[in-house]
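Residue numbers (the numbering used here): 9 to 172. No residue lacks a Cβ here, since even glycine has one placed at the ideal position from N, Cα and C.
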Amino acid sequence: MIAPVNILENITVRPVSESDLDEIMLIEGACFHSPWTRQNFLEEFKNSDLSIPLGIEYEKKIIAYAFIWILLDECHLANIAVHPDYRRMGLAKLLIDKIITIARARGCAKIMLEVRKSNREAIELYAQYGFLKVGVRKNYYNDGFLRSEDAILMDLIITKEDKG
Ligand SMILES: CC(C)(COP(=O)(O)OP(=O)(O)OC[C@H]1O[C@@H](n2cnc3c(N)ncnc32)[C@H](O)[C@@H]1OP(=O)(O)O)[C@@H](O)C(=O)NCCC(=O)NCCS
9 MIAPVNILEN ITVRPVSESD LDEIMLIEGA CFHSPWTRQN FLEEFKNSDL SIPLGIEYEK
69 KIIAYAFIWI LLDECHLANI AVHPDYRRMG LAKLLIDKII TIARARGCAK IMLEVRKSNR
129 EAIELYAQYG FLKVGVRKNY YNDGFLRSED AILMDLIITK EDKG
């Protein structure tokens with residue numbers, strides 16, 4: 009599928025819910041070695057005190073999503089993915105912008121995440137926003153077939169000025 013150049017003018021950023029799960033599962037399976045299961049997503053939807061599920065809709069389908077957890081003054085970016093046909097069009101940036109806005113509004117001091125050491129695209133994305141590497145979790149990802157990989161821990165500090 010070839011996406012139009014003006015896709016950003018024709019999308020809606022909205023919360024996702026159980027009714028979007030078929031589309032989300034397709035994207036999740038295409039994006040990750042160890043994808044979240046349907047059950048994992050259902051738990052997120054149930055746990056609305058903690059979890060905020062965001063999606064991007066285009067032509068009545070979800071083409072990107074992110075899940076964040078807000079716990080006291082920390083925001084954790086738990087999952088973010090863009091359908092492979094719609095990459096490099098600014099959709100992840102749109103989601104991160106929205107996440108920063110939410111984190112600020114909720115009074116968070118920082119946004120935290122883990123990313124595979126080999127995930128150049130995502131590390132590049134986070135670095136663009138000023139996320140800094142704050143640690144490493146050795147062999148954090150265990151894909152179950154003789155392969156494990158370190159997680160890079162990254163934080164974005166939300167300054168007083170950022171909090172508006
Ligand atoms: C990482 C991911 C979310 C980026 O989504 P995207 O919508 O393509 O990203 P955007 O178009 O908003 O690009 C934002 C920035 O990310 C970086 N980036 C994205 N794709 C890149 C690539 N192929 N190579 C290098 N940098 C890349 C760039 O810094 C880019 O900014 P630029 O276009 O101004 O150079 C997407 O590749 C994806 O879904 N990957 C699989 C799931 C995943 O790894 N999630 C992150 C888990 S921690």
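Between the alpha carbons of F53 and N14 lies a distance of about 31 angstroms. At a threshold of 6 angstroms, K106 does not count as near ligand 1, since its beta carbon sits no closer than that to any of the ligand's heavy atoms. I107 sits away from Y66, with the two beta carbons spaced by 7 angstroms or more. Counting along the chain, the unbroken alpha helix (DSSP H) around M33 starts and ends at 29 to 39. DSSP places N48 in the helix class (H, G or I) of the three-state scheme. In the DSSP assignment, E122 falls outside any alpha helix (DSSP H) and lies within the beta strand (DSSP E) extending over 118 to 124. Inter-residue distance for I104 and I131 is about 13 angstroms (C-alpha atoms, whole angstroms). The closest heavy atom of ligand 1 lies 6 angstroms or more from the beta carbon of R145. Within the chosen limit of 6 angstroms, ligand 1 does not reach the beta carbon of R46 with any heavy atom. Within the DSSP bridge table, the entry for N150 names S156 as partners. Rounded to the nearest whole angstrom, the C-alpha separation of Y148 and P43 is 15 angstroms.
A contact between stretches requires three or more CB pairs, one per stretch, nearer than 8 angstroms, and the stretch 16 to 33 meets this requirement with the stretch 66 to 78. Assigned with DSSP and collapsed to three states, K68 falls in coil, not helix or strand.
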